[in-house]
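Residue 7 is where the sequence shown starts when you use the numbering used here, and the numbers rise one by one after that. Report on one structure; see the data block that follows.
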Amino acid sequence: MANQFRTVVVDDHPIFRQGLCQIISAEPLFQVVGEAGDGLAGYQAAVRTKPDLILLDINLPGLGGLEVAERLQKTVPTVKVVILTMHKEEDLFNLAMNYNVKGYVLKETAGTELVNCLRAVAAGEYFFTPSMSGCLLRRRHRTENLVSTQTGLGRLTAAEQRILKGIASNQTSKQIATELGVSYRTVEAHRANMCTKLEMRGAHSLLHFALQNQSALG
Numbered sequence: 007m008a009n010q011f012r013t014v015v016v017d018d019h020p021i022f023r024q025g026l027c028q029i030i031s032a033e034p035l036f037q038v039v040g041e042a043g044d045g046l047a048g049y050q051a052a053v054r055t056k057p058d059l060i061l062l063d064i065n066l067p068g069l070g071g072l073e074v075a076e077r078l079q080k081t082v083p084t085v086k087v088v089i090l091t092m093h094k095e096e097d098l099f100n101l102a103m104n105y106n107v108k109g110y111v112l113k114e115t116a117g118t119e120l121v122n123c124l125r126a127v128a129a130g131e132y133f134f135t136p137s138m139s140g141c142l143l144r145r146r147h148r149t150e151n152l153v154s155t156q157t158g159l160g161r162l163t164a165a166e167q168r169i170l171k172g173i174a175s176n177q178t179s180k181q182i183a184t185e186l187g188v189s190y191r192t193v194e195a196h197r198a199n200m201c202t203k204l205e206m207r208g209a210h211s212l213l214h215f216a217l218q219n220q221s222a223l224g
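The structure is reproduced here in structure tokens:
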């Protein structure tokens, strides 16, 4: 079928993973092009197949799911990441959001929500398990509060916002430049402009600000 969304499934429980693959393959919109039982194999499958979607558990042998998501941001930035996990902790949810995941589904509700999630993400939307809505609202409130207190954020260009998120993920200027397809000097120039707009002084002030406000930067 044309225009199928090519999907990689990564979960360390073979029977559960097989069930996921069957559910996804039963949907005409999706095609499973790879599967793996550990993080490194999942990452390698994504690099090899360059899928549209990757479904990741958080707890994986070797590389964890969020580590895989972080690496994919740099190497296969077009892949849309969906997290499928048993964890409800807000700190893990925020970490996942920092890696720009498009969907977050709890395993306990996967039977009724997974396909809807994948369809939404394939359509360019976000999908989060409703029981995590409180975490999402608190994250948005932090963002709104940060923007209201740090008015310079509203003056950042789209490129500067992307670079600030990269800094918040502890990426170097060289890594950000490679990911965005621009020169190192361009990234450094944007960093200098951001410091001016945010009224920051000191070599590491922008890094400290980005790390401290990571969960509020979106």
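Even for Gly, the Cβ is constructed at its ideal location relative to N, Cα and C.
*asked:* Distance check for R125 and L26, CA to CA, integer angstroms please.
replied: Numbered from 1 along the sequence shown, position 20 holds the residue referred to as residue 26. Numbered from 1 along the sequence shown, position 119 holds the residue referred to as residue 125. C-alpha separation (whole angstroms): 15 Å.
*Whose C-alpha, out of C141, G43, V39, V193, is nearest the C-alpha of T55?*
Taking the sequence shown and counting its residues from 1, the one referred to as residue 55 is at position 49. Ranking C141, G43, V39, V193 by Cα distance to T55 puts V39 first.
_Does Y226 come out as helix, strand or coil in the three-state DSSP assignment?_
Shown here, the chain extends from 7 to 224; a query on residue 226 therefore has no answer.
*Please name the residue in L78, D44, P57, T91 whose C-alpha comes closest to that of L69.*
By one-based count along the sequence shown, residue 69 stands at place 63. Among L78, D44, P57, T91, the Cα nearest to that of L69 is on D44.
_Closest by C-alpha distance to E76, when choosing among Q177, G130, T115, F134_ = One-based indexing of the sequence shown puts residue 76 at position 70. When only C-alpha atoms are compared, the closest one is Q177.
*From D17 to H93, what distance separates their C-alpha atoms?*
Taking the first residue of the sequence shown as 1, we reach residue 17 at position 11. Taking the first residue of the sequence shown as 1, we reach residue 93 at position 87. Roughly 14 Å between the two C-alpha positions.
*Which residues in the same chain have their Cβ closer than 7 Å to the Cβ of E166, if we skip the five residues on either side of it in sequence?*
Residue mapping note: residue 166 aligns to position 160 of the sequence shown, counting from 1. Closer than 7 Å at Cβ, skipping near neighbours: H196, N199, M200.
_Applying the 10 Å Cβ sphere with the 16-neighbour rule, what's the burial state of T115?_
In the sequence shown, counting from the first residue as 1, residue 115 sits at position 109. Exposed.
*Counted within 10 angstroms of its Cβ, other Cβ atoms place I173 as buried (16 or more) or exposed*: Numbered from 1 along the sequence shown, position 167 holds the residue referred to as residue 173. I173 is buried by the Cβ-count criterion.
*N104: buried (16+ other C-beta within 10 angstroms of its C-beta) or exposed?*
The residue labelled residue 104 in the question sits at position 98 within the sequence shown. Flag for N104 reads buried.
*With 16 as the cutoff for other CB atoms within 10 Å, does M7 come out buried or exposed?*
In the sequence shown, counting from the first residue as 1, residue 7 sits at position 1. Confidence is the limiting factor: at M7 the pLDDT is only 47, short of 50, which leaves the residue's position unreliable and the question unanswerable from this model.
*Kindly indicate the opening and closing residues of the alpha helix (DSSP H) around L124.*
Here residue 124 corresponds to residue number 118 of the sequence shown, with the count starting at 1. Here the alpha helix (DSSP H) through L124 covers 116 to 128.
*Run the CB neighbour count on V14, radius 10 Å, all protein chains shown included, and call it buried at 16 or more, exposed below.*
Residue 14 sits at position 8 when you count from the first residue of the sequence shown. Its Cβ being crowded by 16 or more others within 10 Å, V14 is buried.
*What are the uninterrupted segments assigned as alpha helix (DSSP H) that are 4 or more residues long and contained completely in the segment 169 to 212, given in chain order?*
179 to 186, 190 to 203
*With distances taken Cα to Cα, identify the nearest neighbour of E205 among E194, L159, E96, I30.*
Position 199 of the sequence shown holds residue 205. When only C-alpha atoms are compared, the closest one is L159.
*Figure out for me which residue from K180, Q10, P20, L35 has the closest Cα to the Cα of A42.*
Locating residue 42 in the sequence shown gives position 36, where the first residue counts as 1. The residue with the shortest Cα to Cα distance from A42 is P20.
_My output table needs one value for T91: the three-state DSSP class, helix, strand or coil._
Walking along the sequence shown from the start, residue 91 turns up at place 85. T91 falls in the strand class under three-state DSSP.
_Option in E95, N219, K108 with minimal Cα separation from P83_ = Walking along the sequence shown from the start, residue 83 turns up at place 77. The candidate whose alpha carbon is nearest that of P83 is K108.
*Could you confirm whether any beta carbon from chain C is found closer than 9 Å to the beta carbon of G172?*
Protein chain content of the structure displayed is limited to a single chain, and chain C is not contained in it.
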